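Student: Residue numbers (this note's numbering): 21 to 176.
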Amino acid sequence: MAMFKRIIFPTDFSESSAKAFSYVLDVVRSHQSELIILYTYRLISGADGRYYGNKISIKREREEEANKQFEQLKQCYPELSDFEHHFLTEVGFVSDRISLAVERFNIDLVVLSESIQQQLKEKWEMSDENLPGRFHCPVLLVPSEVVNEQETVKVG
């Protein structure tokens with residue numbers, strides 16, 4: 021029986037997330053888990069965070085871009101088809117969307133790349149110590165340097 025039946029991996033499609041993704045696949049493979057890849061974004065534009073356009077067109081553009089990135093992931097990591105997996109694109113703050121997904125999908129493990137960890141620390145004043153308690157399930161923090169760069173495929 022798998023220890024982690026469902027694993028969620030929030031991504032921002034950064035280099036850090038790409039490096040962590042191969043590590044996530046190893047965890048998924050070893051536990052025969054279902055993988056949920058979550059991309060979150062905000063409906064804002066402009067450097068000051070204010071809204072400057074049509075929300076519907078911004079949403080459409082962001083979702084189209086996310087779908088392209090998800091397709092690239094599938095091409096770069098063909099072994100992804102060996103596992104049950106889902107791609108989620110959601111509007112909102114990453115910490116809120118992770119928390120909701122943990123509850124909604126009964127997630128057993130949250131895997132955070134270094135870039136997502138940094139976003140959570142900067143925007144929500146979380147530290148490595150209090151981050152795991154935020155999501156009510158185990159959290160695996162993957163620093164960029166742990167992943168063998170020769171095994172990493174650049175997505176994006």
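Every residue gets a Cβ at the ideal spot worked out from N, C-alpha and C, and that includes glycine.
Computed from a predicted model, the values in this text were never measured in an experiment.
If you measure between the beta carbons of Val130 and Val159, is that distance less than 8 Å?
Tutor: One-based indexing of the sequence shown puts residue 130 at position 110. One-based indexing of the sequence shown puts residue 159 at position 139. Yes; because the gap between Cβ atoms is below 8 Å, this pair is in contact.
Student: Taking only runs of the beta strand (DSSP E) that begin and end inside the region 87–133, which ones reach a length of at least 3 residues, in chain order?
Tutor: 105–111 and 129–133
Student: Report the residue from Ser77, Pro98 and Leu140 whose alpha carbon sits nearest the alpha carbon of Asp13.
Tutor: In this structure the chain extends from 21 to 176, so residue 13 is not present and cannot be described.
Student: What's the call for Arg62, buried or exposed, on a 16-neighbour Cβ count within 10 Å?
Tutor: For the purposes of this step, residue 62 is taken as residue 42 along the sequence shown, with counting starting at 1. Classification of Arg62: exposed, given that the 10 Å Cβ count is below 16.
Student: Restricting to Cα atoms, I'd like to know which of Asp32, Gln137, Leu55 and Glu110 is closest to Lys79.
Tutor: Sequence index remark: in the sequence shown, residue 79 carries index 59 (1-based). Per the Cα distances, Glu110.
Student: Express the C-alpha separation of Pro30 and Val114 in angstroms, rounding to a whole number.
Tutor: The residue you call residue 114 lines up with position 94 of the sequence shown. The residue you call residue 30 lines up with position 10 of the sequence shown. Their backbone Cα atoms lie some 8 Å apart in a straight line.
Student: Quick one: measure Cβ to Cβ for Lys25 and Asp128, integer angstroms, because I've assumed they're closer than 8 Å.
Tutor: Here residue 25 is taken as the residue at index 5 of the sequence shown, counted from 1. Here residue 128 is taken as the residue at index 108 of the sequence shown, counted from 1. Yes, they are in contact, since the Cβ atoms of Lys25 and Asp128 sit about 5 Å apart, within 8 Å.
Student: Which whole-angstrom value describes the C-beta separation of Ser119 and Phe90, a residue pair presumed to lie in contact below a C-beta threshold of 8 Å?
Tutor: In the sequence shown, residue 119 corresponds to position 99, counting from 1. In the sequence shown, residue 90 corresponds to position 70, counting from 1. No, Ser119 and Phe90 are not in contact; Cβ-Cβ is about 22 Å, not under 8 Å.
Student: Nearest-angstrom Cα distance between Glu165 and Leu45?
Tutor: The residue labelled residue 165 in the question sits at position 145 within the sequence shown. The residue labelled residue 45 in the question sits at position 25 within the sequence shown. Taking the straight line from one Cα to the other gives about 17 Å.
Student: With a Cβ-Cβ cutoff of 8 Å, do His105 and Ile136 count as a contact?
Tutor: Counted from its first residue, the sequence shown places residue 105 at position 85. Counted from its first residue, the sequence shown places residue 136 at position 116. No, the pair does not count as a contact, with Cβ atoms beyond the cut-off.
Student: In chain order, what residues of the same chain have a beta carbon less than 8 Å from the beta carbon of Val122, not counting five sequence neighbours either side?
Tutor: Here residue 122 refers to the residue found at position 102 when the sequence shown is read from its first residue. Only Ile28, Val130, Phe155, His156 and Cys157 meet the Cβ criterion.
Student: Are Ser133 and Ser53 touching if we call contact CB-CB under 8 Å?
Tutor: On the sequence shown, position 113 is the one that residue 133 refers to. On the sequence shown, position 33 is the one that residue 53 refers to. No, the pair does not count as a contact, with Cβ atoms beyond the cut-off.
Student: Quick check: the Cα distance between Glu169 and Arg82, rounded to an integer number of angstroms?
Tutor: Looking up residue 169 in the sequence shown gives position 149. Looking up residue 82 in the sequence shown gives position 62. Annotation note: pLDDT 48 at Glu169 (below 50); position unreliable, no value reported.
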